[in-house]
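Report on the structure given below.
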Amino acid sequence: MATAESTLSRARGRTATALRFERAALITLGLLWLVVVTGGLVRLTASGLGCPHWPTCEANSFVPSTGYHSVIEFSNRVISGIAMVAAVITAVIAFRLPGVQRAVAWGAAAAATGTVAQVPLGAITVAFNLNPLLVMSHFLLAMAVVAVATWVTFHAVDGAHGGRREQLVWTRPALLGAAAVVLCLALVTTGAFVTAAGPHAGATDRPIERFGDFYDATWVHVRAAVSFATVFLILAVVLWRTARGSLAQRLSVAGVVLTLCQLGVGEYQYRNGLPWEVIAVHVAIAGTLVMTIVTVASLVAYPPASRAVGSLERG
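Just so we're aligned: the sequence shown equals residues 6 to 320 in our numbering.
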């Protein structure tokens with residue numbers, strides 16, 4: 006009797022911890038998405054030097070005292086700081102939770118490390134007056150962290166609700182999903198090069214410093230977009246034919262819609278002088294698209310353990 010009660014108590018404790026891991030992972034992922042969006046706003050509104058000092062905003066003040074540029078830059082710093090704490094907490098919970106795959110725990114640690122690394126990278130970026138390569142690195146690290154955190158969150162949510170999955174299974178949909186993730190990240194990277202070569206300097210009190218040729222960067226970016234859209238559309242068609250009604254299939258449709266919206270926004274901004282408001286939408290969709298693609302790829306790569314290898318989760 007005592008043994009049964011002890012086992013039940015341990016099971017309840019693990020369930021409670023799994024739920025905490027799920028909540029922490031979801032909160033962290035949401036904050037990391039906000040870091041990407043607000044970071045984009047910092048550059049696009051020319052607020053990159055709104056807080057010229059680090060870690061304080063101004064020489065004699067921790068918080069901004071005047072100007073909306075300072076408020077935007079400081080807001081990004083605050084959100085990044087909260088995201089850093091949340092990411093570290095998520096990693097600690099992952100390592101303390103029994104039954105969590107070591108790869109998932111290390112993934113949470115990698116996301117936390119990347120988020121912490123943004124602090125010195127941000128300081129260096131300000132110190133070097135928004136060098137476009139440093140600004141681009143700052144953005145790409147944030148997107149990479151979002152991708153890893155999405156994968157961790159997928160496992161956290163699944164584990165909190167009793168999901169038991171096979172190890173990674175390289176079925177045809179899984180291969181297409183992996184290719185879509187790689188091409189999506191390549192698309193984000195080429196987009197960062199376009200921004201680095203574009204007219205948004207990141208601050209109002211300095212000349213525009215560009216990296217590379219804008220039209221060459223755009224040429225590469227467009228071809229990366231077509232490659233990604235083609236592969237992801239093929240994956241969506243495969244899932245429509247083999248796993249209609251599954252969560253992966255429904256999310257793939259959402260991903261196709263997001264991709265079409267992203268292509269439309271990209272074309273509009275190119276033909277209308279790159280208005281910063283439209284580019285901000287482009288950045289927000291990019292972050293959302295990365296999360297969607299990684300989730301779809303995870304669903305098809307880790308089939309439920311109770312089903313045949315290669316099957317997809319329903320519901």
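Backbone N, C-alpha and C fix where the C-beta goes; we use that ideal spot for every residue, glycine too.
Assign residue i to buried or exposed, taking buried as 16 or more other Cβ atoms, counted over all protein chains shown, within 10 Å of its Cβ.
i      : result
Phe233 : buried
Ala88  : buried
Ala271 : Note that residue 271 corresponds to Gly in the displayed sequence, not to Ala. Result: buried.
Ala302 : buried
Val331 : Since the first residue of the chain shown is 6 and the last is 320, residue 331 is not available in this structure.
His166 : exposed
Ala128 : exposed
Arg319 : Here Arg319 scores only 41 on pLDDT, less than 50, and its place in the model should not be relied on; the value that follows carries that caveat. Label assigned to Arg319: exposed.
Val288 : buried
Thr300 : buried
Val83  : exposed
Met6   : Because the pLDDT of Met6 is 46, which lies under 50, any placement of that residue in the model is unreliable, and the number read from its coordinates should be weighed accordingly. Burial call: exposed.
Ala248 : buried
Ala108 : exposed
Only counting the same chain, and skipping five residues up and downstream in sequence, which positions put a Cβ closer than 8 Å to that of residue i?
i      : result
Val193 : Leu145, Met148, Ala291 and Val295
Pro280 : Gln274
Arg3   : Limits of the chain in this structure are 6 at one end and 320 at the other, which puts residue 3 out of reach.
Leu126 : Leu139, Ser142, His143 and Leu146
Assuming residue i and residue j are in contact, meaning their beta carbons sit under 8 Å apart, how far apart are those beta carbons, in whole angstroms?
i      : j      : result
Val305 : Ala179 : 5 Å
Gly55  : Glu78  : 4 Å
Gly3   : Phe219 : With the chain running from 6 to 320 in the structure shown, residue 3 is simply not present.
His143 : Gln106 : No, His143 and Gln106 are not in contact; Cβ-Cβ is about 30 Å, not under 8 Å.
Thr158 : Leu31  : 6 Å
Among the candidates the options, whose CA atom is the shortest distance from the CA of residue i?
i      : options                          : result
Val286 : Leu49, Trp224 and Leu24          : Leu49
Thr200 : Cys62, Thr158 and Ile284         : Ile284
Thr120 : Ala132, Ile94 and Tyr275         : Ile94
Cys189 : Leu265, Ile298 and Val76         : Ile298
Thr293 : Gln267, Tyr273 and Pro309        : Gln267
Asn81  : Cys62, Leu102, Ala96 and Val40   : Val40
Gly260 : Pro57, Ala229 and Ala241         : Ala241
Val131 : Val76, Val83, Pro57 and Phe198   : Pro57
Met141 : Arg228, Val258, Val47 and Trp224 : Val47
Gln123 : Asp221, Glu282, Ala222 and Gly44 : Gly44
His226 : Phe198, Arg246 and Thr247        : Phe198
Leu181 : Ala253, Ala96, Ile98 and Arg249  : Ala253
Val231 : Thr264, Pro125 and Ala96         : Thr264
Ala96  : Val42, Gly104 and Ala29          : Ala29
Excluding the five sequence neighbours on either side, which residues of its own chain have a C-beta within less than 7 Å of the C-beta of residue i, listed in chain order?
i      : result
Phe133 : Leu139
Val258 : Ala241
Glu282 : none
Got a sec? Which residues, its chain only, sit under 6 Å from residue i by beta carbon, not counting five neighbours each side?
i      : result
Phe100 : Ala110
Ala92  : Thr33, Ala116, Ala117 and Thr120
Ala23  : Gly164 and Ala165
His74  : Ser52 and Gly55
Thr223 : Val199
Leu102 : Thr22 and Phe26
Checklist entry - Is there contact between the stretch 98 to 115 and the stretch 149 to 160, where contact requires at least three CB pairs shorter than 8 Å? => result yes
Next on the checklist: Across the stretch 84 to 102 and the stretch 21 to 40, are there enough close Cβ pairs to call them in contact, namely three or more that are closer than 8 Å?
Outcome noted: yes
Checklist entry - Between the stretch 229 to 246 and the stretch 182 to 190, are three or more C-beta pairs nearer than 8 Å? => result yes
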